[in-house]
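Just below is one structure, and these are the notes that go with it.
2 protein chains.
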Amino acid sequence: METTARKSLDGLFNGRGVAIMGASAKKGKPGHSIVENLRAAGFTGNVYPVNAASESILGFQCYRSLEKITGRIDLVVMVLPADDCVEAARAIARRKDGKGDISAAVVVSAGFSELGTDQGRSREKALLDVLVPRGIRVVGPNCLGVMDTYSGVNTNFDIGAYRRGGLSIITQSGAFAVSYLKWAEPGRLVGLSKFVSLGNMSDVNVVELLGYLADDDRTSVIALYLEGTRQGRALVETAAHVSRKKPIVALKAGKTRIGSVAAASHTGSLAGRFEMYQGVFRQAGVVLAESVIEFYYTAAAFAKMPLPRGNSICVLTVLGGPGTLCVDELVSSGAVRLARLSEKTKSELRAILIPAANIGKPEGFIDTTPSFTEAQHREVLKIVLGDPAVSGVIYLTTPPLFMDEDALAENIIAAYESFAPEERKPLLSVIGFGSSVPRLRNRMEEAGMPTIEYPDIAAKVMINMVRYSRYKSRFDEH
Amino acid sequence: METTARKSLDGLFNGRGVAIMGASAKKGKPGHSIVENLRAAGFTGNVYPVNAASESILGFQCYRSLEKITGRIDLVVMVLPADDCVEAARAIARRKDGKGDISAAVVVSAGFSELGTDQGRSREKALLDVLVPRGIRVVGPNCLGVMDTYSGVNTNFDIGAYRRGGLSIITQSGAFAVSYLKWAEPGRLVGLSKFVSLGNMSDVNVVELLGYLADDDRTSVIALYLEGTRQGRALVETAAHVSRKKPIVALKAGKTRIGSVAAASHTGSLAGRFEMYQGVFRQAGVVLAESVIEFYYTAAAFAKMPLPRGNSICVLTVLGGPGTLCVDELVSSGAVRLARLSEKTKSELRAILIPAANIGKPEGFIDTTPSFTEAQHREVLKIVLGDPAVSGVIYLTTPPLFMDEDALAENIIAAYESFAPEERKPLLSVIGFGSSVPRLRNRMEEAGMPTIEYPDIAAKVMINMVRYSRYKSRFDEH
Numbered sequence: 001m002e003t004t005a006r007k008s009l010d011g012l013f014n015g016r017g018v019a020i021m022g023a024s025a026k027k028g029k030p031g032h033s034i035v036e037n038l039r040a041a042g043f044t045g046n047v048y049p050v051n052a053a054s055e056s057i058l059g060f061q062c063y064r065s066l067e068k069i070t071g072r073i074d075l076v077v078m079v080l081p082a083d084d085c086v087e088a089a090r091a092i093a094r095r096k097d098g099k100g101d102i103s104a105a106v107v108v109s110a111g112f113s114e115l116g117t118d119q120g121r122s123r124e125k126a127l128l129d130v131l132v133p134r135g136i137r138v139v140g141p142n143c144l145g146v147m148d149t150y151s152g153v154n155t156n157f158d159i160g161a162y163r164r165g166g167l168s169i170i171t172q173s174g175a176f177a178v179s180y181l182k183w184a185e186p187g188r189l190v191g192l193s194k195f196v197s198l199g200n201m202s203d204v205n206v207v208e209l210l211g212y213l214a215d216d217d218r219t220s221v222i223a224l225y226l227e228g229t230r231q232g233r234a235l236v237e238t239a240a241h242v243s244r245k246k247p248i249v250a251l252k253a254g255k256t257r258i259g260s261v262a263a264a265s266h267t268g269s270l271a272g273r274f275e276m277y278q279g280v281f282r283q284a285g286v287v288l289a290e291s292v293i294e295f296y297y298t299a300a301a302f303a304k305m306p307l308p309r310g311n312s313i314c315v316l317t318v319l320g321g322p323g324t325l326c327v328d329e330l331v332s333s334g335a336v337r338l339a340r341l342s343e344k345t346k347s348e349l350r351a352i353l354i355p356a357a358n359i360g361k362p363e364g365f366i367d368t369t370p371s372f373t374e375a376q377h378r379e380v381l382k383i384v385l386g387d388p389a390v391s392g393v394i395y396l397t398t399p400p401l402f403m404d405e406d407a408l409a410e411n412i413i414a415a416y417e418s419f420a421p422e423e424r425k426p427l428l429s430v431i432g433f434g435s436s437v438p439r440l441r442n443r444m445e446e447a448g449m450p451t452i453e454y455p456d457i458a459a460k461v462m463i464n465m466v467r468y469s470r471y472k473s474r475f476d477e478h
Numbered sequence: 001m002e003t004t005a006r007k008s009l010d011g012l013f014n015g016r017g018v019a020i021m022g023a024s025a026k027k028g029k030p031g032h033s034i035v036e037n038l039r040a041a042g043f044t045g046n047v048y049p050v051n052a053a054s055e056s057i058l059g060f061q062c063y064r065s066l067e068k069i070t071g072r073i074d075l076v077v078m079v080l081p082a083d084d085c086v087e088a089a090r091a092i093a094r095r096k097d098g099k100g101d102i103s104a105a106v107v108v109s110a111g112f113s114e115l116g117t118d119q120g121r122s123r124e125k126a127l128l129d130v131l132v133p134r135g136i137r138v139v140g141p142n143c144l145g146v147m148d149t150y151s152g153v154n155t156n157f158d159i160g161a162y163r164r165g166g167l168s169i170i171t172q173s174g175a176f177a178v179s180y181l182k183w184a185e186p187g188r189l190v191g192l193s194k195f196v197s198l199g200n201m202s203d204v205n206v207v208e209l210l211g212y213l214a215d216d217d218r219t220s221v222i223a224l225y226l227e228g229t230r231q232g233r234a235l236v237e238t239a240a241h242v243s244r245k246k247p248i249v250a251l252k253a254g255k256t257r258i259g260s261v262a263a264a265s266h267t268g269s270l271a272g273r274f275e276m277y278q279g280v281f282r283q284a285g286v287v288l289a290e291s292v293i294e295f296y297y298t299a300a301a302f303a304k305m306p307l308p309r310g311n312s313i314c315v316l317t318v319l320g321g322p323g324t325l326c327v328d329e330l331v332s333s334g335a336v337r338l339a340r341l342s343e344k345t346k347s348e349l350r351a352i353l354i355p356a357a358n359i360g361k362p363e364g365f366i367d368t369t370p371s372f373t374e375a376q377h378r379e380v381l382k383i384v385l386g387d388p389a390v391s392g393v394i395y396l397t398t399p400p401l402f403m404d405e406d407a408l409a410e411n412i413i414a415a416y417e418s419f420a421p422e423e424r425k426p427l428l429s430v431i432g433f434g435s436s437v438p439r440l441r442n443r444m445e446e447a448g449m450p451t452i453e454y455p456d457i458a459a460k461v462m463i464n465m466v467r468y469s470r471y472k473s474r475f476d477e478h
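Respectively, the protein sequence lines represent chains E and F.
Under the working numbering, residue 478 is the last one in the first sequence; the count climbs by one each step, no gaps.
Under the working numbering, residue 478 is the last one in the second sequence; the count climbs by one each step, no gaps.
Here is the structure:
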């Protein structure tokens, strides 16, 4: 990626002075929540609410206009009625022409090309015509803008603080990405690095953001919600390049003609033919999820677990039926095979498990039955993870009667951490009881171990990891 | 169904005297938990723990043997080492021959035909040879047995009390069904009527249970987890008959050859060819889910919502992206079309919603944008549900900034309940924020309104309801 392009996006994520045009003193208004959430996100730079009617908002001094702000401004957030946005852009332009300090604008306001009207389109064009030629990058309009959990920059009126992690999100639907983050929050399923809600994507676009995040050390996986783009070829080329470094997990909306109409009414984007996307994306190494839940858990797993170094998966289960469902899903993909456990592994397992346990029928499947202790869970898991024939493990467990959730979590974590980081394999744990065992799940997630409620979804996630790993390995240096 | 067969199963669900052979005074043992859970389930009949070493267990007087019990026994639960089960069966037989009072036995113990050994198979045969000819029906072995939330009968060592509802479960994996119930519990997603974990299905089987539950007024939907059966033809015929009265939602394990091996090792059942099942099940009106989560939410929705009286669905959304994903999934099925809203509906909506709202692009899709009040949510929902062209609604919502979760829930419920019960249509609500808005979800679920985190799963559930309704309508009297 060109240095200038990268630099121009730096202002979005790393600005130290943020002005909010349309900041409001009234709780519940987006113009209030943005100020509140910027503070909640731990932003330590300067916050400049622009509001002629208030003295201060949440302790930040208000300014009647942009020109009254004496400090340096990097980023301007516009949360104004659509009718006022072009005039606001002119104010930004005047300041840029004078002080030269604004590098980016997030236009939260809606009422532009997504309306499908001439007025909406011409308003959007007017906005860009004022800002872009001056080197001011525009995110939106009709968006939630950016979040960076490390710098604390946050223009999102829905989410304030969020736990840090390696996942960055690029989305053409703010609501979709916010739903993901809120869904994941109680279970601590995801840690966030950067978030960009693109809205109408009038200037800053998917392609350059992918390039930017590929070079971002704090991003280990990119989750992409895509409705459509006019940059099809550039997107695929960039995606193929980025996928050599880190995974892109994508969900494509507008698969059907009728769905495309809904997408167009939403962000004014052209959905394109889904079949086209599907084929070329997969060739480009992009992990294309088939459902929302597969997208959620796949992105989370990539952020937490190492890649498998092969396609031989072991299914280790305490629960017969769910184990069977997991095996079904795994092998039906064709991308994964069940691991051929070594004789050493099998005899070590036999020494621990009860005679009724099933070791290797079918090959690579172990049903321990629930009759064993926390410490035996640890031993069994260590043996299985340590078998060189195993590239990854799906572990279906549940706290048996009166087994302590915390003790079980600690033993699972201890088994995993008994391996040196470079020897670790992906371990996906199916906790079928879901949020009825919150301590088990929370403790495991905090230790970086993905927990999934559904055995078949865990299988899909593992298949995605195996497929991506195979793509990436073609480009790794040897 | 024959009266004698039905009567013989009555003893399972409605027994008033339950003896537990293998009852234990030691907390954590299954033989203890069964006594505990029977009490927790509110069973008001007589509980007879058989235990020679203890005076009493959890306040229930212990008996040295079955013959020492003077009161009437309907059901015996065996939770003994496998080696002791045949001898225990003989004790049951002696009592039956003398007093004639035992009508059913639940054999929780494992160590029978599922082992795949001659010893296991002959032990199972010996058990049946003693009991079945005497008219004692056997559930199991290798199972969790039965629960009935109305009678309080409960032989499940994993679950005690559970909220009542119209869902009954027949399962060849106890762990699978327990996972479902525990998964659903914190969100109050499901209410249970009857539960039967069949284990090795040596005597009481899927076919007769389907017939029994078809006639059970407290069962409105049957959820079936199936690994395999030798009664293929009878199963399909019975399912087709039962489906004329109430829905059967099924999940089939052992879809792949390798998965079948796992299933066989688990309950000794023959998985059969999945393609065969799929085609004939669908023809028999059975709702065959393709994933665990689809199974979970479909069964819950049938238990809570009326059937659609057509296939015209309206997608009403506050959230653009998730709304698009929902539309994609709905229309790609071919079974559902988006509803043609009347002009009256459209003009009424226009009067309430902001100009930027999308009413009918595509037809049947309404994106309100998040900018409206709780009361407006209620009005919009009433208008859409009241349109005669609409057979059902998927409603994607979320509490906007500082909107009160409870107030939103009350308004949604009020809109729904403004219609007389016979005029109600299925309403599936997508709460994308999941358990981060527990009050909203819990309140809605308590009022009988299904909430689903994922827009595409909600679409699949609606498709299942539409398809089943079409099947059933062919047999309804006019």
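Note that CB positions come from ideal geometry on N, CA and C, so glycine has one too.
Among F:Leu198, F:Val242 and F:Ile394, which has the Cα closest to the Cα of Ala177 (chain F)?
Here residue 177 (chain F) refers to the residue found at position 177 of the second sequence. Among F:Leu198, F:Val242 and F:Ile394, the Cα nearest to that of Ala177 (chain F) belongs to F:Leu198.
Use the C-beta contact count for Ser56 (chain E): other C-beta atoms within 10 angstroms, 16 or more gives buried, fewer gives exposed.
Start at 1 with the first residue of the first sequence, and residue 56 (chain E) comes out as number 56. With fewer than 16 Cβ atoms within 10 Å of its Cβ, Ser56 (chain E) is classed as exposed.
Could you list which residues in chain F have their beta carbon closer than 7 Å to that of Val327 (chain E), in chain order?
Within the first sequence, numbered from 1, the residue matching residue 327 (chain E) stands at position 327. Residues of chain F passing the Cβ test: Ile258, Gly259 and Ala262.
Going straight from the alpha carbon of Ile452 (chain F) to that of Ser193 (chain F), what length do you get?
In the second sequence, residue 452 (chain F) corresponds to position 452, counting from 1. In the second sequence, residue 193 (chain F) corresponds to position 193, counting from 1. Distance between the alpha carbons of Ile452 (chain F) and Ser193 (chain F): 22 Å.
7 Å is my cut-off, CB to CB: does Ser173 (chain F) come that close to chain E?
Along the second sequence, read from residue 1 onward, the residue named residue 173 (chain F) stands at position 173. Chain E, which has a Cβ nearer than 7 Å to the Cβ of Ser173 (chain F), makes this yes.
Since I believe Asn358 (chain E) is in contact with Ile366 (chain E) (beta carbons under 8 Å), could you give me their beta-carbon distance rounded to a whole number of angstroms?
One-based indexing of the first sequence puts residue 366 (chain E) at position 366. One-based indexing of the first sequence puts residue 358 (chain E) at position 358. Yes, they are in contact, since the Cβ atoms of Ile366 (chain E) and Asn358 (chain E) sit about 7 Å apart, within 8 Å.
What is the C-beta distance between Leu127 (chain F) and Cys85 (chain F), in whole angstroms, given that I count them as a contact (C-beta under 8 Å)?
Here residue 127 (chain F) refers to the residue found at position 127 when the second sequence is read from its first residue. Here residue 85 (chain F) refers to the residue found at position 85 when the second sequence is read from its first residue. Yes, Leu127 (chain F) and Cys85 (chain F) are in contact; Cβ-Cβ is about 6 Å, under 8 Å.
Tell me Asn46 (chain E)'s beta-bridge partners as DSSP assigns them.
In the first sequence, the residue the question calls residue 46 (chain E) occupies position 46. Its beta-bridge partners are E:Gly17.
Listed in chain order, which residues of the stretch 429-448 of chain F have Cβ atoms closer than 7 Å to some Cβ of chain E?
Gly432, Phe433, Gly434, Ser435 and Ser436
What did DSSP end up calling Ala214 (chain E) once you bin it into helix, strand or coil?
Taking the first sequence and counting its residues from 1, the one referred to as residue 214 (chain E) is at position 214. Helix.
Quick check on the DSSP output: the alpha helix (DSSP H) that includes Ala88 (chain E) runs from which residue to which?
Looking up residue 88 (chain E) in the first sequence gives position 88. Segment Ala82 to Gly98, the alpha helix (DSSP H) holding Ala88 (chain E).
Endpoints, beta strand (DSSP E) assigned at Met147 (chain E)
The residue you call residue 147 (chain E) lines up with position 147 of the first sequence. Gly145 to Asp148 is the extent of the beta strand (DSSP E) around Met147 (chain E).
Just to confirm, are Ala253 (chain E) and Leu235 (chain F) a CB contact at a threshold of 7 Å?
Residue 253 (chain E) sits at position 253 when you count from the first residue of the first sequence. Residue 235 (chain F) sits at position 235 when you count from the first residue of the second sequence. No, the Cβ-Cβ distance between Ala253 (chain E) and Leu235 (chain F) is not below 7 Å.
Below 8 Å, can you find three or more Cβ-Cβ pairs linking the stretch 405-425 of chain F to the stretch 442-459 of chain F?
yes
Leaving out five residues before and five after Ala52 (chain E) in sequence, what residues of the same chain have Cβ atoms less than 6 Å from its Cβ?
As a working note, residue 52 (chain E) is residue 52 in the first sequence. Contacts found: Arg64.
Please return the same chain residues whose Cβ sits closer than 6 Å to the Cβ of Met1 (chain E), not counting the five positions on each side in sequence.
To locate residue 1 (chain E), count along the first sequence from 1; it is residue 1. The predicted model places Met1 (chain E) with a pLDDT of 48, which falls under 50 and marks its position as unreliable; any figure quoted below should be read in that light. Here the set comprises Gly211.
When you check each C-beta in the stretch 280-294 of chain E against every C-beta of chain F, which residues fall closer than 7 Å?
Ser291, Val292 and Ile293
Which listed residue (F:Phe433, F:Glu343 and F:Ala339) has its alpha carbon closest to that of Ala389 (chain F)
In the second sequence, counting from the first residue as 1, residue 389 (chain F) sits at position 389. Comparing Cα-Cα distances from Ala389 (chain F) to each of F:Phe433, F:Glu343 and F:Ala339, the minimum goes to F:Ala339.
When the Cα of Ala550 (chain F) is compared with those of F:Asn442, F:Val196, F:Ala175 and F:Lys26, which residue comes out closest?
As shown, chain F starts at 1 and ends at 478. That puts residue 550 (chain F) outside it, with no answer to give.
Which residues share a DSSP beta bridge with Leu251 (chain F)?
As a first step, residue 251 (chain F) must be located in the second sequence, where it is residue number 251. Paired residue(s): F:Tyr225.
Enumerate, from N- to C-terminal direction, the unbroken alpha helix (DSSP H) stretches of 4 or more residues contained entirely within the stretch 377-440 of chain F.
405-417
Short of 7 Å Cβ to Cβ, which residues in the stretch 331-358 of chain E face chain F?
Val331, Ser332, Leu338, Ala356 and Asn358
What residues in the stretch 451-466 of chain F have a beta carbon less than 8 Å from any beta carbon of chain E?
Among the residues of the stretch 451-466 of chain F, those with a Cβ less than 8 Å away from any Cβ of chain E are Glu453, Tyr454, Pro455, Asp456 and Ile457, in the order of the chain.
If we define contact as Cβ-Cβ less than 7 Å, is Ala88 (chain F) a contact residue for chain E?
Position 88 of the second sequence, counting from 1, holds the residue named residue 88 (chain F). With 7 Å as the cut-off, Ala88 (chain F) does not count as an interface residue toward chain E.
How would you list, in chain order, the residues of chain B whose beta-carbon sits under 8 Å from the beta-carbon of Lys7 (chain E)?
In the structure shown, chain B cannot be found, because the protein chains are E and F.
Report the CB separation of Phe302 (chain E) from Pro247 (chain E) in whole angstroms; it is logged as a contact under 8 Å.
Here the question's residue 302 (chain E) lines up with position 302 in the first sequence. Here the question's residue 247 (chain E) lines up with position 247 in the first sequence. Yes, Phe302 (chain E) and Pro247 (chain E) are in contact; Cβ-Cβ is about 5 Å, under 8 Å.
With H, G and I counted as helix, E and B as strand and the rest as coil, what does DSSP make of Tyr297 (chain F)?
The residue you call residue 297 (chain F) lines up with position 297 of the second sequence. Helix at Tyr297 (chain F).
Would you say Leu58 (chain F) reaches chain E, if we count a Cβ-Cβ gap shorter than 7 Å as a contact?
Position 58 of the second sequence holds residue 58 (chain F). So no, Leu58 (chain F) is outside the interface.
According to DSSP, is Phe176 (chain E) part of a helix, a strand, or is it coil?
Reading the first sequence from its first residue, position 176 is the one you call residue 176 (chain E). When secondary structure is reduced to three states using DSSP, Phe176 (chain E) falls in the helix class.
From which residue to which residue does the alpha helix (DSSP H) around Ala459 (chain E) run?
As a working mapping, residue 459 (chain E) is identified with position 459 in the first sequence. Note, Ala459 (chain E): alpha helix (DSSP H), Pro455 to Ser473.
Indicate whether at least one CB of chain F lies closer than 7 Å to the CB of Glu124 (chain E).
Within the first sequence, the letter at position 124 stands for residue 124 (chain E). Glu124 (chain E) does not count as touching chain F.
When you compare the stretch 452-465 of chain E with the stretch 329-337 of chain E, are there three or more beta-carbon pairs, one atom per stretch, that lie closer than 8 Å?
yes
So Phe365 (chain F) contacts chain E; which residues on that side make the cut at Cβ distance below 7 Å?
To locate residue 365 (chain F), count along the second sequence from 1; it is residue 365. Ala262, listed in chain order.
Contact set between the stretch 297-327 of chain E and chain F, restricted to residues whose Cβ is under 7 Å from the partner:
Leu319, Gly320, Gly321, Pro322, Gly323, Thr324, Leu325 and Val327
Using only CA atoms, which one of E:Ala214, E:Gly135 and E:Phe157 lies nearest to Thr170 (chain E)?
For the purposes of this step, residue 170 (chain E) is taken as residue 170 along the first sequence, with counting starting at 1. A quick correction: the sequence has Ile, not Thr, at residue 170 (chain E). Among E:Ala214, E:Gly135 and E:Phe157, the Cα nearest to that of Ile170 (chain E) is on E:Ala214.
Would you check if there are 3 or more beta carbon pairs closer than 8 Å linking the stretch 63-77 of chain E to the stretch 15-27 of chain E?
yes
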